[in-house]
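Asks:
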Amino acid sequence: MNKIALLLVFLAAFTTAKAQNEVMLHLAPRLGNAVFSLNTAINHPSGAYQLKYTRFEYYISEIKITHDGGQVTPVTGMHLLVRPALDSMYSLGQMPTVQNVESITFSVGVEQAFNHLDPASYPANDPLAPQNPSMQWGWTAGYRFAAVEGVAGTNFAQTFEIHALGDANYKTQTLSTVAEQVTASMKMIHLIADYRQVMKSITVSGGLISHGTTGAAVTLLNNFKNIVFTAETSAVIDPSFTGSFSISPNPAQYIQPKVNYSLSTDANYQLSLTDMAGKTIYTQQISAGENQSIQLERTFSAGVYFVHLWQNGRPVAIEKLVILN
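FYI, the working numbering numbers position 240 of the sequence shown as 700, with every residue one higher than the one before it.
(1) Locate the beta strand (DSSP E) running through Gln-480, then write down its first and last residues.
(2) Smallest Cα separation from Thr-679: which of Gln-745, Ser-563 and Thr-663?
(3) Hey, could you find the ends of the alpha helix (DSSP H) Thr-679 is sitting in?
(4) Could you have a look at Asp-627 and say whether DSSP puts it in helix, strand or coil?
(5) What separation, rounded to the nearest whole angstrom, lies between the Cα atoms of Thr-814 and Pro-593?
(6) Which term fits Gly-626, buried or exposed, when burial requires 16 or more other beta carbons within 10 angstroms of its beta carbon?
(7) Figure out for me which residue from Ala-624, Ala-584, Ala-589 and Phe-566 has the closest Cα to the Cα of Leu-577.
(8) Among residues of its own chain, excluding the 5 on either side of Ala-695, which ones have a beta-carbon nearer than 7 Å to its beta-carbon?
(9) Can you tell which of Ala-624, His-539 and Phe-574 has the C-alpha that lies nearest to the C-alpha of Asn-585?
(10) In the structure shown, what three-state DSSP assignment does Ile-715 receive?
(11) Strictly by DSSP, which residues pair up with Arg-515?
(12) Mind listing, in chain order, the continuous alpha helix (DSSP H) runs of no fewer than 4 residues lying wholly within the segment 560 to 613?
(13) For Ile-569, count the other beta carbons within 10 Å of its own beta carbon; 16 or more makes it buried, fewer makes it exposed. Which is it?
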């Protein structure tokens with residue numbers, strides 16, 4: 461191979477490598493201004509009484525990214541079963557052509573082409589496979605698009621269950637947003653999901669059972685479409701955070717990674733580690749100080765993780781951690 465041909469091969473390989481761009485979806489679950497958690501007392505949107513969620517699950521499907529002057533890149537064949545956890549992260553895949561994100565489109569529920577298929581036909585780890593508790597209503601009715609349960613009323617003595625389903629209630633929305641360049645090869649779309657709002661205009665103070673395609677189930681899915689989600693340009697980085705926070709080595713292999721930081725002394729700090737599903741698998745208190753480091757003392761399986769830094773109970777920074785085989 462002559463030098464010119466070799467140079468062209470090198471440039472092509474370099475361009476391809478440079479173009480690799482993983483796009484992540486970050487759902488920051490909230491209850492008003494508080495971080496989401498089950499069994500937490502919150503005010504109903506009406507302000508008239510309190511409630512607690514004991515189950516909260518829903519599907520997202522048909523995700524599309526609009527970018528770079530109106531180009532649309534669909535995320536083909538992906539279904540997310542969202543069980544709110546601390547700052548849940550979902551990889552939407554490698555999208556080399558996506559540079560400047562303009563909006564994200566997605567639907568709450570399962571599209572009709574998949575809604576009536578046999579759940580047993582999917583691998584066990586697929587969101588559309590049989591779940592416990594079940595997210596599939598039946599062959600004719602299809603999947604539960606959302607399953608929200610809880611307690612309300614005096615002493616939280618009243619039970620409510622809203623299981624919403626039905627092809628006619630499949631809701632699609634588009635949110636104008638941008639993507640944060642978290643690393644050189646990863647962009648992240650941040651959405652705030654205020655799950656307190658799903659109960660707007662739904663009265664549960666006296667108890668409620670609504671399983672199906674009408675009534676409160678329709679209102680709940682309309683709320684998901686219209687008022688639950690808002691775009692945030694950098695939901696994982698608090699603009700007021702003035703410290704520094706990094707991980708090394710990253711990627712890590714055969715060595716425990718360290719968190720390096722410089723933090724002021726007027727706050728309480730904590731680290732938490734989540735997997736790609738948003739499950740918290742490790743937490744640790746850390747002391748403030750300049751030019752400090754602490755080793756993450758745990759055994760990692762190969763994969764992608766996120767290390768969160770908390771300040772006085774509020775997430776202020778995040779770093780992606782890659783563990784190699």
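All residues carry an ideal CB built from backbone N, CA and C; glycine is no exception.
Keep in mind it's a predicted model, so treat the numbers as computed, not measured.
Replies: Based on what the coordinates show:
(1) That residue, Gln-480, is in no beta strand (DSSP E); it is neither H nor E in DSSP.
(2) For Thr-679, the closest alpha carbon among the candidates Gln-745, Ser-563 and Thr-663 is that of Thr-663.
(3) That run of the alpha helix (DSSP H) goes 676 to 683.
(4) Residue state, collapsed to three classes: helix.
(5) Only positions 461 to 785 of the chain appear in the structure, and residue 814 is not among them; the question remains open.
(6) Taking every protein chain shown into account, the CB of Gly-626 has 16 or more other CB atoms within 10 angstroms, so this residue is buried.
(7) Of the candidates Ala-624, Ala-584, Ala-589 and Phe-566, the one whose C-alpha sits nearest the C-alpha of Leu-577 is Ala-589.
(8) Caution applies to Ala-695, whose pLDDT of 45 falls short of 50 and renders its modelled position unreliable; the value that the coordinates give is listed next. Within the same chain, His-486, Ala-488, His-650 and Ile-652 come within 7 Å of Ala-695 by CB-CB distance, once the 5 residues on both sides are set aside.
(9) Closest by C-alpha distance to Asn-585, out of Ala-624, His-539 and Phe-574, is His-539.
(10) Reduced to three states, the DSSP call for Ile-715 is coil.
(11) Beta-bridge pairing links Arg-515 to Glu-609.
(12) Listed in chain order, they are 572 to 575.
(13) Here residue 569 turns out to be Gly, not Ile, going by the sequence shown. Label assigned to Gly-569: buried.
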